[in-house]
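Below you'll find the structure, written out as structure tokens, and then a few comments.
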Amino acid sequence: MYTYNTMASILSHARENAPLKALSLAILNSRCSMSPGALGFFIRCLGSVGLVDEANVLFDQVKRMGLCVPNSYSYNCLLEAISRSKSTSTSVSLVEKRLKEMHYQEGELIRILDAIHEDMDVEGLTLLCNSWLNSLVNNGLLDKAYCLLQVMMGKECIDNVELHRLFRDKKMVAPNTASFTIVIDGLIPAGKLDLALYLFREMAQIGCSREGMLLEPLIGKTMRIHGHQPWIKHYTLLVRKMCKNGKATQACKFLADMIQEGFLPDIVAYSASLRGLIEIQEVDQALKLFRDICARGHCPDVVAYNILISGLSKAQRITEAQNIFEEMVMKGLVPSVVTYNLLIDGWCKSGCIDEALHCLSSMSAKEREPNVITYTTLIDGLCNAGRPDDAIMLWTEMRRNGCTPNRVAFMAFIHGLCKCGRPNAALAHLREMEEKEMEPDSFVYIGLISAFLADLKFPLAFEILKEMVDKGHCPDLLDKNYIILRDAIRKLSEDARTSSSVKSLITNGSIPTINLSDFGAEGGDTGDQ
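Using this note's numbering, the letters of the sequence shown map in sequence onto residues 2 to 530.
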């Protein structure tokens, strides 16, 4: 073997690759036995001229044929050769393979990194270091893996001064998310939770993504060690936070992963996910999740049913919402006032006012007391359906039953009466509202103005306009009611009874968003006063 190595040294220095390849085949054909040191020397010669594949083939064949039992030196020479490979992915996979085979000397690996780091790009070095981390973790050498990750982060590791000096002086690579994942996944099962949590926090400090990973098993393991059931409260809060940030789909995946980990989420966590899916308009996905929950033996509560009914109603799938309601009753759950309110709102928005009124009757039969939201929704629905007399009757019934209308109820009723051509009744309720020191929004005034104009009561329309202006309730240019107000003012400016008064308001700047020029009039022309 001495002769072969002498020839290999000469050929590698001369960079005669073809003869060197032939020489490696000749060694195998001769079945020449060799020491680990001799094998390492020949491997190093092959690696020095980039014959990495030949080095690996020779190494494996020598082992298979029983010509040599490689030791740590042989492996280190092979690792050095592999590191010179032009293919990063091949290099990393081979390093991982060889690290699993050998009982390596850490100092030799440090020397190899020192020798080759300038010939590899950042991605290759990072993958190489991650392979080393993975090997350390798989062999139970968590302290060494933690030390390597520390020096990759630019921190000092007193247990390995040589490694720290290499990463500091040579400005080696920084860890990525995979680096942290490898070490944290090793620390958690070993119960080294303080170190795992520290690394988890450090990820954010150096800009590594932590999204959707690591924290969940860390929290769960920590709580179980301290005798707590990890799901209740803490995992639900995590799901809610994810949904609040628009990540309901990821929250659902998280719940599925937790089941695989042996954690059984309760219905509160699932309800949070249902709500999150509804908020991002993934109603079909929410419905599928709901069915999956039931199939797993969970019993959704009233809150979960309400969330689904709300989502279906808002998506104008009121018939499906009604079916969910009936399923809920069949399972023995008692619908809440909120449940009925959701259905009533859905039926009203679908133009099915009689179905909505039927829900009100069902509430009474089930001894569920309608609240101000129930009545307000129905009154608004009746007005939209052109049934103001029924709306007035329901308003009277609401008050007779001891349900006091709030500001929203007054505004909905007044606006509804205006749409139905009942401005006088609407004005009476506006005055009652004001007596109760409730301040209406601008759309209420504009509704009254439009209704009086439609009723050809221009002076009354102007009085409401002036009242709105005096109270500072004029809509701005971006308000959807601005165009309605503009058209109303145009009509008032063209009527002899109100023209001069309207133009005076405009000239005085009382309506800042409108000018006389908008109506083809000169700014100083205020008409007869």
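Each residue gets a CB set at the ideal place from its N, CA and C atoms; glycine is no exception.
Euclidean distance between Cα positions of residue i and residue j
i: Gly213; j: Phe255; result: Residue placement at Gly213 cannot be trusted, given a pLDDT of 49 that sits under 50; what the coordinates show is reported in the next sentence. Their backbone Cα atoms lie some 7 Å apart in a straight line.
i: Asp477; j: Gly510; result: 14 Å
i: Asn77; j: Leu196; result: 31 Å
i: Ala39; j: Cys209; result: 44 Å
i: Met66; j: Arg16; result: 28 Å
i: Glu398; j: Phe444; result: 26 Å
i: Val53; j: Pro37; result: 18 Å
i: Val335; j: Ser272; result: 18 Å
i: Ser13; j: Leu47; result: 7 Å
i: Ala497; j: Arg432; result: 28 Å
i: Tyr147; j: Tyr236; result: 28 Å
i: Ile393; j: Arg400; result: 11 Å
i: Ala205; j: Leu198; result: 12 Å
i: Ile507; j: Lys492; result: 14 Å
i: Glu438; j: Ile450; result: 21 Å
i: Cys130; j: Thr178; result: 13 Å
i: Leu290; j: Phe181; result: 32 Å
i: Lys64; j: Ala23; result: 19 Å
i: Leu358; j: His430; result: 23 Å
i: Glu203; j: Val70; result: 43 Å
i: Ala27; j: Val50; result: 18 Å
Neighbour-count burial assignment, residue i, 16 or more Cβ in a 10 Å radius
i: Lys367; result: exposed
i: Glu55; result: buried
i: Asn246; result: exposed
i: Gly417; result: buried
i: Ile189; result: buried
i: Met331; result: exposed
i: Arg369; result: buried
i: Gly387; result: exposed
i: Cys253; result: buried
i: Ser274; result: buried
i: Glu81; result: buried
i: Asn57; result: buried
i: Asn425; result: exposed
Whole-angstrom C-beta distance between residue j and residue i, which should lie under 8 Å
i: Leu344; j: Ala322; result: 6 Å
i: Val503; j: Ile485; result: So it is not a contact: roughly 15 Å between Cβ atoms.
i: Leu68; j: Arg32; result: 7 Å
i: Leu238; j: Val174; result: Contact doesn't hold; Cβ gap of about 36 Å is too wide.
i: Cys349; j: Gly382; result: 3 Å
i: Ile183; j: Asn140; result: Contact flag wrong, Cβ pair sits at about 13 Å.
i: Ala427; j: Cys419; result: 5 Å
Member of the options whose CA lies at the smallest distance from the CA of residue i
i: Ile294; options: Phe463, Leu309, Lys193; result: Leu309
i: Arg318; options: Ser351, Ala257, Thr397, Glu17; result: Ser351
i: Ile281; options: Val138, Ile185, Ala249; result: Ala249
i: Ile447; options: Ile207, Met412, Ala357; result: Met412
i: Gly187; options: Leu142, Leu149, Glu157; result: Leu142
i: Phe201; options: Lys420, Pro266, Tyr376, Gln151; result: Gln151
i: Ser363; options: Asn385, Cys384, Thr340; result: Thr340
Nonlocal neighbours in the same chain, by C-beta distance under 6 Å from residue i, ignoring five residues either side
i: Gly41; result: Tyr74, Ser75, Cys78
i: Gly403; result: none
i: Val303; result: Leu334, Ser337
i: Leu59; result: Ser25
i: Leu29; result: Gln62
i: Asp346; result: Thr378
Cβ-heavy atom distance, residue i to the ligand COA, below 6 Å
i: Pro266; result: As presented, the structure is devoid of all ligands, the ligand COA included, so that no description of it is given.
Residues near residue i in its chain [Cβ-Cβ closer than 7 Å; skip 5 each side]
i: Ser494; result: Ser500, Val503, Lys504, Phe520
i: Asn407; result: Val373
i: Lys193; result: Leu143
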